[in-house]
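>
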């Protein structure tokens, strides 16, 4: 095993000895490449002429990889022969080998490399970005050209390789990129500034690859190969303080890589894996790692930022109590936009503008401007669905999900309104979406504007009136067109009503909001959203919190359990309080405290 804990180690990183109860310095039976199956896979490895890269090539050959692309600036003949010998020894056919001498830090050289691979194989399944160099000098004594060359090879090189090879990966099956990082990314070790800075940049590069290409199916993660002598030359040439800690073998690194890539482990996206950790034990901690958003770079002690999405017919003001009385006092960051069609944002009336892939792309632009790599996605009513789709379409940007009143709705290629109403009649005794027939009608926005008092009172009245007005065929149209009114609940204050009237009393005040309903029923929209969401992302593999009102007859809290039973919310906590569709306004203190309690329990 690695040196005993307590051994003076200038390169000890976070969780070196804590992430798994067992740590390794040499290969072990559970990661034996001869027991793994990579037949049919096309694998590219940079820095493959010697050391780690050569050993990686041998391990992939032992696992039966069908095609190996080995890349280095120096001669590769020794690696070619080693691959052939390894294949023969374990009884595999020789893989097709493409040996390419290339400088991975030179754009022209990398483009030529990509062309050769395209001509030879047409695709790639796995890319191992291994090529790197080391320089050990203090900043004062360093040679600027040498310092820069470390960043050029170690950061610019992987960038060039990924950029050039992404089109080939997209044609492959595994679509996996492994960037060889280092525990040094987490260290500040005098004389190794260029190397450690470069490896920290590699971690962030990996996260960017996931953020930009996850919807294309690309999976990328970073690994620390262990402190392997071949990565820095002869151990005897190292300063004495490093010699006791360079004890890992290249076989540990190589066999671990084969183990990791032998299956597509999408939950590792953007994460850092130390290959001295016991990998079967690490795999068993998947839920813990995903739910705690672990193995990623973040500011120690920082609290997450929540992005809050409202629904019909609200604006971001819906969240004022939660923000001012609970989130900000407890130190959480907040982004609360007016959603498309409402408040101060644009109000298109083209149904296509409300497709979730477009609206979530707008949200990602906001996150990028605010420099928020991951957030907790929160939503009420339609905002709940938007919060869900932000995870579905951009899972690497969402560390947690809070859905208020509206349960999780897995992406579906088609929504049949009549079928849903018939189904809920059997389950609850009434059709929960009967009012949609009116909300999606062409004359509804005009009728709602003409009878805006009716709209306000039907929305914010006693929850039990919803059975007749929202959940009965023709009930909503009758209430609105006849100009009926009813008492409203205490939270519907004069200020609340004035804001509603000012926003929706304009000439086209209800036109844009109605598009949310129309878009959800449009088959070309639901099918597009469904096709863009990967199978992995249909399951919410981050901590989730559902909060609902017991008397919400449209968004039934009972709808949550079938979703849990279906495996879509493997880590969800639910709280149900007295109240209707706006129970968060009826019970603001309970709602705020419930949210903060969950945040503190989950993201401590």
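Numbering (the working numbering), first residue to last: 1 to 604. Beta carbons: idealized from backbone N, C-alpha and C, even for Gly.
For the region 265-284 against the region 52-66, are there 3 or more C-beta pairs whose distance is under 8 Å?
no
> Going by beta carbon distance, what residues of the same chain come within less than 8 Å of residue 78, once the five residues before and after it are set aside?
49, 50 and 54
> Consult DSSP for residue 140 and reduce its assignment to one of helix, strand or coil.
coil
> Between which two residues does the beta strand (DSSP E) harbouring residue 598 extend?
From DSSP, residue 598 is part of no beta strand (DSSP E) but of the alpha helix (DSSP H) over 588-602.
> With DSSP as the reference, label residue 380 as helix, strand or coil.
strand
> Between residue 421 and residue 309, what straight-line distance do the alpha-carbon atoms span, to the nearest angstrom?
26 Å
> Measuring straight from C-alpha to C-alpha, what distance separates residue 213 and residue 532?
Taking the straight line joining both Cα atoms gives about 12 Å.
> Please work out which residues of its chain come closer than 8 Å, Cβ to Cβ, to residue 559, disregarding the five sequence neighbours upstream and downstream, and give them in chain order.
407
> I need the DSSP call for residue 55, collapsed to helix, strand or coil.
helix
> What's the gap between the Cα of residue 187 and the Cα of residue 203?
13 Å
> Please state the DSSP three-state secondary structure of residue 545.
Note: residue 545 maps to strand in three-state DSSP.
> Given residue 585, which residues of its chain have a CB within under 6 Å of its CB, disregarding the five upstream and five downstream residues?
491
> Could you check if residue 381 is buried or exposed, using at least 16 other CB atoms within 10 Å of its CB as the buried criterion?
buried
> Within its chain, find whatever has a CB closer than 7 Å to the CB of residue 436; leave out the 5 residues flanking it on each side and keep chain order.
417 and 517
> With a threshold of 6 Å on Cβ separation, who are the neighbours of residue 458 within its own chain once the five nearest residues in sequence on each side are excluded?
469 and 479
> Roughly how far, in whole angstroms, is the beta-carbon of residue 269 from the beta-carbon of residue 210, given that I think they are within contact range, below 8 Å?
5 Å
> Alpha carbon to alpha carbon, what distance is there between residue 35 and residue 120?
Cα to Cα, residue 120 sits roughly 28 Å from residue 35.
> Whole angstroms are fine: how far does the CA of residue 489 sit from the CA of residue 451?
19 Å
> Quick one: what's residue 573 bridged to in DSSP?
Looking at the DSSP assignment, residue 573 forms a beta bridge with 545.
> Quick one: give me the first and last residue of the alpha helix (DSSP H) that residue 256 is part of.
250-261
> Looking only at C-alpha atoms, which of 476, 328 and 118 sits nearest to residue 164?
Between residue 164 and the set 476, 328 and 118, the nearest pair of CA atoms involves 118.
> Roughly how many angstroms separate the alpha carbons of residue 60 and residue 519, rounded to a whole number?
48 Å
> Which residue or residues does DSSP assign as beta-bridge partners of residue 223?
180 and 273
> Which one of 71, 106 and 62 has the shortest CA to CA distance from residue 85?
Among 71, 106 and 62, the Cα nearest to that of residue 85 belongs to 62.
> Looking at residue 391: is its Cβ nearer than 7 Å to the Cβ of residue 377?
yes
> Compute the Euclidean distance between the alpha carbons of residue 166 and residue 28, then round it to the nearest angstrom.
Cα to Cα, the separation comes out at about 33 Å.
> With DSSP as the reference, identify every bridge partner of residue 96, one or two as the case may be.
67
> Would you say residue 268 reaches chain B, if we count a Cβ-Cβ gap shorter than 7 Å as a contact?
Going by chain labels, chain B is absent from the structure shown, which holds only one protein chain.
> Using a Cβ-Cβ cut-off of 7 Å (strictly less than) and excluding sequence neighbours within five positions of residue 109, which residues of its own chain qualify?
102 and 103
> In terms of residues, what are the limits of the beta strand (DSSP E) holding residue 309?
305-309
> Nearest-angstrom Cα distance between residue 226 and residue 385?
Their Cα atoms are separated by approximately 43 Å.
> My output table needs one value for residue 321: the three-state DSSP class, helix, strand or coil.
helix
> Residue 266 to residue 179, Cα distance in whole Å?
Straight-line Cα distance between these residues: approximately 15 Å.
> Here's a check: name, in chain order, each residue in its chain whose Cβ is nearer than 6 Å to the Cβ of residue 96, leaving out the five neighbours to either side.
67
> Buried or exposed: which applies to residue 192, given that a residue is buried once 16 or more other Cβ atoms fall within 10 Å of its Cβ?
buried
> Among 530, 564, 444 and 495, which has the Cα closest to the Cα of residue 510?
444
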